[in-house]
Each structure stands twice: as C-alpha cells, then as structure tokens.
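Peer 1: Read in this note's numbering, the sequence shown has 51 at position 51, and its numbers run on one by one without any break. Where a beta carbon is used, it is the ideal one built from N, C-alpha and C, also for glycine. None of these values were measured; they are calculated from a predicted model. My questions all concern the structure below.
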Amino acid sequence: MKKIEAIIRTSRFDQIHTCVSKMGVKFLSFYEIKGMGFEHARLEMYRGIPYEPAYIPRTKLEIVVPDELAESVIQCILKEGKTGEVGDGKIFIYDVLEAYRIRNNDTGEAAL
1 MKKIEAIIRT
11 SRFDQIHTCV
21 SKMGVKFLSF
31 YEIKGMGFEH
41 ARLEMYRGIP
51 YEPAYIPRTK
61 LEIVVPDELA
71 ESVIQCILKE
81 GKTGEVGDGK
91 IFIYDVLEAY
101 RIRNNDTGEA
111 AL
C-alpha cells in the first residue's frame, strides 16, 4: 500500500476529488493548510493599507491506496492539479506497512 500526500491549490480540489473518486478511491482526508514556497502571496489590503501575507492557503490531501492504484492516482493529481503556474503544489509518496479498520479489525487492503 502507498500513502499519497499532495499539497494542492485549494481551487483544484473539486477536480482532483472527482477524478480520484472515479478511480475507486473510497476515502481521503484533506486539510486546509498554509505554506510558503517559490510563489509569493498576492498583495492584500487591510483597512486601506497594502500588506503581503506571509503564507499562502493550500489544501493537503492524504490518500492510502493499494500499490496497483497508486500510479493512476498520482497521474490524476498531476493532471487535474496542474495550472502551469508556480505554486501548483507537491506530491509525496510513502510506503504503508499495515492498515487496520477499528470497527471490525479488518487489516491490510481490506481496511481501506
């Protein structure tokens, strides 16, 4: 099994969610996060004074899939998350040693 973590533009979440759902992904977690990288935050106004926020809002996805589905999910995130601009995000892949479903003690891929 693989754990796929993706930091994406929040505006691309719906497209990515739709794509991975069609592939058979039954569960994912997502979080609203803030970060910084090569993209600079846009100038904002507060009480008429311009300022540059230190961090940029993003969405973090966490998806655990069987090994055979991992590459398809990665390609889906790459395709649907891409705008071609700096700040499209990153994908990280981890090996998952074991998974357990607490409700009925399913283990391995059956727990997904």
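What are the complete alpha helix (DSSP H) segments, minimum 4 residues, inside the segment 59-94?
Peer 2: DSSP runs (the alpha helix (DSSP H)) wholly in the segment 59-94: 67-81.
Peer 1: Could you tell me whether the segment 88-96 touches the segment 20-30, using the rule of 3 or more Cβ pairs below 8 Å?
Peer 2: At 8 Å Cβ cutoff, the stretches do not touch.
Peer 1: Using only the alpha-carbon positions, how far apart do Tyr100 and Glu80 sit?
Peer 2: Computed Cα separation, rounded: 30 Å.
Peer 1: Between Arg14 and Glu71, what straight-line distance do the alpha-carbon atoms span, to the nearest angstrom?
Peer 2: Before going on, a small fix: residue 14 reads as Asp here, not Arg. Distance between the alpha carbons of Asp14 and Glu71: 20 Å.
Peer 1: What's the gap between the Cα of Arg9 and the Cα of Lys34?
Peer 2: The alpha-carbon atoms of Arg9 and Lys34 are separated by roughly 11 Å.
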